[in-house]
Amino acid sequence: MRQIGTGIVIVFVLISLGIVGLGYLQRNQPDPTATPLELTLTVNPMAQAWMNDAVMSFNTSDNRLIDGYAVTIVLNTVPIDDMAVWKNSAWTDQNHPDLWLASTSLAVDYAGYPVRIITPSLAQSPMIWVASADVAQAITQDGISPFDWQTVQAAAQAGTWANFGATGINGNVNIAFALPEGTMNGLMVLYSALANFNQTTTLGNSAMTPAYQTWFTPIIQSVPNLNTIGDNVATFMVSQRGSSVNIGILPEVQLLNQLEALTTRRAIQVAYPAYSVLFDFPLAEWQVTNLPEQEANRRQQAIQAFSEWLLLPAQQAQLPRYGLRPLSENPTESDDLFRLGADVGVEYTPIFAGQLESASVSFANILLAWFAQERQR
Amino acid sequence: MHRLLVIRFFILSILLLGLVGCDDQPSSQSTVFEAVPATMAVERPANAIEISIIYAPESDLYLPQTITDFNSAYARGINPLTNQPLASGERPIYVVGRSGSSGTVMEGIVNAILSPNNQNVERPTIFAPSVSHWLALANYFAGRDLFNLAEARPTALAPVVMAIWKSRLDAIRNTVATRTGQNPEDVQIGWEELLQVLNSPNGWQDFGIPNGRRTVYYGHTDPYISSTALSTLIAEFYASARVNGFTGRRLTLTEVNDANVQQGVRNIEQLIRHYSRRTTEFKEYIAQGPDYLDFVALEENDLLFINMGLTETRPPEQLVALYPKEGTFWHEHPFGILNASWVTSEQAEAARVFTEYVLTPAVQERVMSQGFRPANPDVPLAYPFVAENGIDINQPATVLDVPAPEVVSAIQQSWAFVKKQADIWLVIDVSGSMANENKLEQAKTAALAFIEGLETNNRVGLAVFSEQVDILVEMGDLERNASALRTQIQALQPLAGTELFKATQTIVSLMNTSDDADRIRAVILLSDGEDTGDRTVTLNDVVNTITASRDAMNPIILIPVAYGTAADVTTLSRMARASNTRVQSGDPNDIQALLELISSYF
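If you're matching them up, the sequences are chains D and C in order. 65 is the number of the first residue of the first sequence in this note's numbering; add one for each residue after it. 110 is the number of the first residue of the second sequence in this note's numbering; add one for each residue after it.
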């Protein structure tokens, strides 16, 4: 009898705790009369992994609660390259995300959509060279010359490793970079070549000299099949098909995310082009003009809250885990990917002779048209 | 207060029960959907975004199941990429798919843009050929970027290989090693060495194969339709161009149009025993053994398919993959999303979701189990990629550069004049029994389709037999005698008697007297019954005549077609064996399809 009594007491205690807990939860929920606000977000593939985790974290944080209503960021499960957004007219007034995290501010400018940059940069990643260690040794003459566009071009000009005079390396000089007509990072490779050839940080028609065109053509011819490299040279290099690639140029973030796989397959060496092109990952908002004022204000508040949250030191500190560089702090030895990268030449604080500042959309189109024509030769 | 507590308790209980009920529902639905067989269609959710995919025939091994799984997840309200319930406002996706030969589908897509009233028009959301050549060609022919090539992600990898019998490869390796003083393991083999066998006075016997044939038998498919054939033909042009002094990286129109380079390709094509439309057939042909073919151009997955014992015929010895030293191509099975008016931005996005799904490790494991190397580098190579299956995971060491689309197109067009032409006798039984079951009428329709399917550079003759053998149209260029052939075929009438042996003997002997070493020599023999002749010619005579031709540099191929249920399959099989071929069986319902298939051999 006493046991039954004890059981009833325990049941009532549990029920009471449950009711108190529910009450607590209710008090901390957003105002049930307010409609939750969902913002859709599409990102560049290079930021997808980071943003996937960041969005999950944001959606469960207190920062999403604004004036009694909850903001939920809905991340598009499939990332999209900036070039597809720009060239394929991927979005319409009826079908577009609220937020777009592109890989570069240039792409946002080029795309021509009614978008506004909220935050000019959330993360950074420079362009980087990668080569098999023996190839790096050969083209730099055991480190005497810098591993840069000029040395790579000299190898491409030779065509085969035998012609280049490299002993122990067989076959053609095979270079890999993403297709410029199809990916933003491919176009950025062309910018990197132009900036380094002309030693300049502003690109325009005057940079496309006949001398440059002659100089760059062997590099184009050294890519075995530009059509199928895709948007990620590092992934290509670790795949079965990429085993014959000697030298690649790609965003550092892509390299770092495949570094372990790459170094398992072969000894590699990396280097930074002297004149850098930087992926700056701006966050842009699709400008909606037909919302009622209150709703428009709420949307603005929500976008601002998400943007500011991503810039918080705690969130910025997450970036190196994904191979990206924070805005104000450099990666350190405590960041695993960068520490692993340091062994093959990744620098915690790379120093550049200059950094690309501008290239207009009309120049981009001229450059892409020239490239398309040149690679068909 | 107590009453309030009791009320809250009941409300809580009801809520909990409700939650339990909700949990049960998806799980029972899940059980039902997971039990759906791979081939069974999943119901399309009412608000689904529907996309379509046309893929290369070999992807039939894994894509139907993949599509079913994908559709099933959405039908259950689950996003198959995240395995999470669909977010509010997220629409399900529904995929419909079917296979189609890459070249034919590519033409259909281009027609949809340039010639929408053409019979062959295709409007898929995703085109997944075996190799990206087709996407580049589609862009070239359409004059616009139908496909963003950088976005066309590889989904399954397979290098093009020469599937060659191990005994043959060892023979070449050992002979070359002896001649050059190398270790056999160090000998690299490619087109150069295969041509050495062809040009050797005693053929395989000079390479240490006792009683080996004087000639080499090789086969590949049609480069207008088949990806493997297109890649192989490009590789042949590379090999020939190198022999003729080409030192550049990428073939250009200069090399393709060079007469010496074309002659080199023609020399390689001289190894051809016969062609075929589809790789599927060649897998079965090569499985018959070294007597039928010495080597065949295949995707590596096809070789694994044979070595894993999945062909109808069990090969008598192991086939191994030869990765030609001159280089080969990777087939990447790219998913090209159409940039065309019939694909909305919503569908394009849905197509990207499906592409991502195909690249997930679980699907890539399935892809690998069917003999394709995974495109997702996170999935390590495992069985069936073991040396015992005749492949080398460290190959290919040399990969050829893909030429520009106009060069690939020029190579395709060169096919008509570099391919091995054929002399073909079409021999038709017009005995009285052919009047039954409408057999003769169906055979006439099929014979006309056969003639239509042939390239006009071939030479064709027509003979019939009943109680006698009549040559109705002498062997001649199809371009010139097509009209006579049609007229004679349409006028065929059934007559008494079946001089099967005499007819076969006459035609094979006739062909033997006109040995043209540069052409395939074939006899297509269509018969519906036993020999009822005077037996002045016996089956042994026929077999001896055919066998005698086997030792010629250019043996005659006899392809007997057993037509209808009364055909003498045993006799026809003996004739076929003498010619290292197989009897093809047809009836009035499928005789046209069968003869169309045989026409693709030439």
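Even for Gly, the Cβ is constructed at its ideal location relative to N, Cα and C.
Selected residue, minimal CA-CA separation from residue i, among the options
i, options, result
"D/A113", "D/V199, D/Q318, D/P356", "D/Q318"
"D/I182", "D/Q382, D/F370, D/F427, D/K151", "D/F370"
"C/T341", "C/P399, C/E378, C/E639", "C/E378"
"C/R96", "C/A605, C/Y466, C/F316, C/L339", "Outside the displayed span of chain C (110 to 711) sits residue 96 of chain C, for which this structure offers no information."
"C/A558", "C/I598, C/A661, C/H383, C/V240", "C/I598"
"D/I192", "D/G223, D/L105, D/P414", "D/P414"
"C/Y466", "D/P143, D/R329, D/G250", "D/P143"
"D/I137", "D/N127, D/D145, D/D146", "D/N127"
"C/A338", "C/D279, C/F574, C/P268, C/T289", "C/P268"
"C/V374", "C/P424, C/N227, C/T289, C/K528", "C/K528"
"D/L355", "D/Q364, D/V194, D/L347", "D/Q364"
"C/D532", "C/Y492, C/D586, C/V578, C/F526", "C/D586"
"C/L604", "C/S208, C/A591, C/S575", "C/S575"
"C/R461", "D/N140, D/T278, D/D131, D/E372", "D/N140"
"C/K368", "C/N308, C/R358, C/A350, C/N320", "The question names Lys, yet the displayed sequence has Ala at residue 368 of chain C. Closest option to C/A368, Cα to Cα, is C/A350."
Residue span of the beta strand (DSSP E) that contains residue i, given as start and end
i, result
"C/P268", "265-274"
"C/G562", "Segment 548-562 is the alpha helix (DSSP H) holding C/G562; no beta strand (DSSP E) there."
"D/F211", "Taken as a continuous stretch (DSSP letters only), D/F211 belongs to no beta strand (DSSP E), as it is neither H nor E."
"C/F236", "235-237"
"D/E102", "101-107"
Rounded distance between the beta-carbons of residue j and residue i, thought under 8 Å
i, j, result
"C/F444", "C/R232", "Actually they are not in contact, since the Cβ atoms of C/F444 and C/R232 sit about 16 Å apart, beyond 8 Å."
"C/A265", "C/F438", "At roughly 14 Å, the Cβ-Cβ gap does not stay under 8 Å, so C/A265 and C/F438 are not in contact."
"C/G328", "C/Y249", "28 Å between Cβ atoms; not a contact."
"C/N410", "C/Q314", "At roughly 34 Å, the Cβ-Cβ gap does not stay under 8 Å, so C/N410 and C/Q314 are not in contact."
"D/A240", "D/V302", "About 12 Å separates the two Cβ atoms, so there is no contact after all."
"C/A280", "C/A165", "Rounded, the Cβ-Cβ distance is 33 Å, inconsistent with contact."
"D/L267", "D/R439", "So it is not a contact: roughly 20 Å between Cβ atoms."
"D/G482", "C/T422", "Any property of residue 482 of chain D remains undetermined from this structure, which presents chain D solely from 65 to 441."
Residue range of the alpha helix (DSSP H) that includes residue i
i, result
"C/I598", "587-599"
"D/M272", "Looking at the DSSP string, D/M272 is not in any alpha helix (DSSP H), and its letter there is neither H nor E."
"C/T389", "388-396"
"C/V214", "211-223"
"C/R659", "648-659"
"D/G405", "400-406"
"D/E438", "425-439"
"C/S708", "700-708"
"C/P173", "172-184"
"D/L383", "Note, D/L383: premise wrong, no alpha helix (DSSP H); not H, not E."
"C/E455", "454-467"
"C/L304", "300-308"
Assigned exposure category for residue i - 16 Cβ within 10 Å defines buried
i, result
"C/Q291", "exposed"
"C/R200", "exposed"
"D/F435", "buried"
"C/P697", "buried"
"C/E497", "exposed"
"D/R441", "exposed"
"C/S136", "Low local confidence applies: a pLDDT of 34 at C/S136 is under 50, so the model's placement there is unreliable, and no value is given."
"C/C131", "Bear in mind that a pLDDT of 36 at C/C131, under 50, signals an unreliable position, so the model cannot answer this."
"C/L125", "Bear in mind that the predicted position of C/L125 carries a pLDDT of just 40, short of 50, making it too unreliable to give a figure here."
"D/V199", "buried"
"D/F345", "buried"
"C/G212", "buried"
"D/D399", "buried"
"C/A484", "buried"
"D/P96", "Interpretation of D/P96 is limited by its pLDDT of 48, a score under 50 that renders its predicted location unreliable; no figure is taken from the coordinates."
"D/A226", "exposed"
ask   = Enumerated in chain order, which unbroken segments of the alpha helix (DSSP H) with a length of 4 residues or greater are wholly contained in the segment 407-451 of chain C?
value = As far as the segment 407-451 of chain C is concerned, its whole alpha helix (DSSP H) runs of at least 4 residues are 409-416.
request  = Jot down the residue ranges of each uninterrupted alpha helix (DSSP H) in the segment 335-384 of chain C, minimum 4 residues, whole runs only, in chain order.
outcome  = Listed in chain order, they are 336-352, 362-365, 368-378.
query = Taking only runs of the beta strand (DSSP E) that begin and end inside the segment 252-324 of chain D, which ones reach a length of at least 3 residues, in chain order?
reply = Counting whole runs of 3 or more residues, the segment 252-324 of chain D contains the beta strand (DSSP E) stretches 311-315.
task = Scan the segment 496-537 of chain C and note each continuous alpha helix (DSSP H) run of 4 residues or more that stays entirely inside, going in chain order.
result = Taking 4 residues as the shortest admissible run, the segment 496-537 of chain C contains the following complete alpha helix (DSSP H) segments, listed from N- to C-terminal end: 514-527.
Segments of 4+ residues assigned as alpha helix (DSSP H) that fall wholly inside the segment 128-201 of chain D = The segment 128-201 of chain D contains these whole alpha helix (DSSP H) runs: 146-151, 169-175.
request  = Write down every uninterrupted run of the alpha helix (DSSP H) in the segment 318-381 of chain D whose length is 4 residues or greater and which is fully enclosed by it, in chain order.
outcome  = Counting whole runs of 4 or more residues, the segment 318-381 of chain D contains the alpha helix (DSSP H) stretches 357-374, 377-380.
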